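Chemist: Numbering-wise (my numbering), the sequence shown opens with residue 1406 and increments by one.
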Amino acid sequence: MMKIEADLHTHTVHSGHAYSTLDEMARGAFLRGIRMIAVTDHGPKMPGGPHEYYFGNLDVIPEEIYGVRILKGVEANILDDGRLDLPQELLEKLDFVTAGIHSQTGHSLNSSEEYTDAVIKAVQNPAVDMITHPVQKNYPLDLEALIKAAKKYNTILELNAGSYNKRKTFERARKENSLKLLKLAGRYRVNLAVNSDAHFHDEVGEISSLDFLFSSDYMDEKLIINKNTERVINFLSRKKQGLFTRKITG
């Protein structure tokens, strides 16, 4: 099984349908040997999600909890025309910005073409670092078009363990599409992140549901950006023009 040092997609109670505090999530990461987590609570358009003021106040959180580096972020909701549900100036202040399509968030997207267009426009947003769960059954995308956009704009694409989490009512993705994404990422040399999408503290760093990808001939661990924390920091330093590195080393 693959080992990761950073889990770049986690949720706390503030997402409205997750069940652990930030303190509990950090402790869960420490116990599993995870050195860094991105706290990516859902944006305000998610039913039960936090107000935008929550994201504006994330700087009160320490840089480390239990020795685990905390990246303060969001899983923003992709809306019509690729708009996100937080103001641009707020997105640009966060350490790590992810974005994905979710139901009941106010969008009117209704076809693969519309989903793909909206996600690619989100990729083009310079504040967006990663697209979450791009192979969901309910939101089929043109994966090759997405991969090409991610390559052009230096955006991470996610391999989401939560989509295959047996605790959930049903699998939210198709394995053949995850394999296709992996194959295309290898062809175009696009950064990937393997994440838990944890909604409870004992799920942080839990990625075993993706063993079918780890054993695939398409798997190239050189593409997995969160295998170690240094690669994550270097990526963010380049993408955010050095501001991130100065912040965490100062």
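Backbone N, C-alpha and C fix where the C-beta goes; we use that ideal spot for every residue, glycine too. Model, not experiment: these values are computed from the prediction.
1) Identify, in the order they occur along the chain, each residue of the same chain with its Cβ nearer than 6 Å to the Cβ of residue 1588, setting aside the five sequence neighbours on each side.
2) Taking only the alpha-carbon atoms, compute the straight-line gap between residue 1426 and residue 1465 and give it to the nearest angstrom.
3) Are residue 1443 and residue 1478 closer than 8 Å when you measure CB to CB?
4) Below 8 Å, can you find three or more Cβ-Cβ pairs linking the segment 1556-1565 to the segment 1527-1542?
5) Tell me, which residues are paired with residue 1501 by DSSP?
6) Kindly indicate which residue of 1486, 1553, 1609 and 1474 has the alpha-carbon position closest to the one of residue 1570.
7) Out of curiosity, what's the CA-to-CA distance linking residue 1437 and residue 1462?
8) On a Cα-Cα basis, can you pick out the residue from 1467, 1522 and 1532 that is closest to residue 1641?
9) Residue 1534 and residue 1502 - do their beta-carbons sit closer together than 8 Å?
10) Tell me which residue opens and which closes the alpha helix (DSSP H) that residue 1430 is part of.
11) Taking the CB atoms as reference points, tell me whether residue 1485 and residue 1514 lie closer together than 8 Å.
12) Where do the ends of the beta strand (DSSP E) carrying residue 1582 lie?
13) Along the chain, where does the beta strand (DSSP E) containing residue 1415 start, and where does it finish?
14) Quick one: grab the DSSP three-state call for residue 1570.
15) List, from N- to C-terminal side, the alpha helix (DSSP H) runs of 4 residues or more that fit wholly inside the segment 1624-1650.
Modeler: A quick look at the data gives this:
1) Cβ within range, chain order: 1623.
2) Cα to Cα, the separation comes out at about 15 Å.
3) For residue 1443 and residue 1478, yes; Cβs fall inside 8 Å.
4) Below 8 Å, enough C-beta pairs join the segment 1556-1565 and the segment 1527-1542 to call them touching: three or more.
5) Answer is 1478, bridged to residue 1501.
6) For residue 1570, the closest C-alpha among the options 1486, 1553, 1609 and 1474 is that of 1609.
7) About 28 Å.
8) In terms of CA proximity to residue 1641, 1532 leads the group 1467, 1522 and 1532.
9) Judged by their CB atoms, residue 1502 and residue 1534 are nearer to each other than the 8 Å cut-off.
10) Where residue 1430 is concerned, the enclosing alpha helix (DSSP H) stretches over 1427-1437.
11) Yes. Within cutoff.
12) Here residue 1582 belongs to no beta strand (DSSP E); instead the alpha helix (DSSP H) covers 1580-1593.
13) DSSP places residue 1415 inside the beta strand (DSSP E), whose first and last residues are 1411-1415.
14) DSSP places residue 1570 outside both helix and strand once states are collapsed to three, so it counts as coil.
15) For the segment 1624-1650, whole alpha helix (DSSP H) runs of length 4 or above, ordered along the chain, are 1634-1644.
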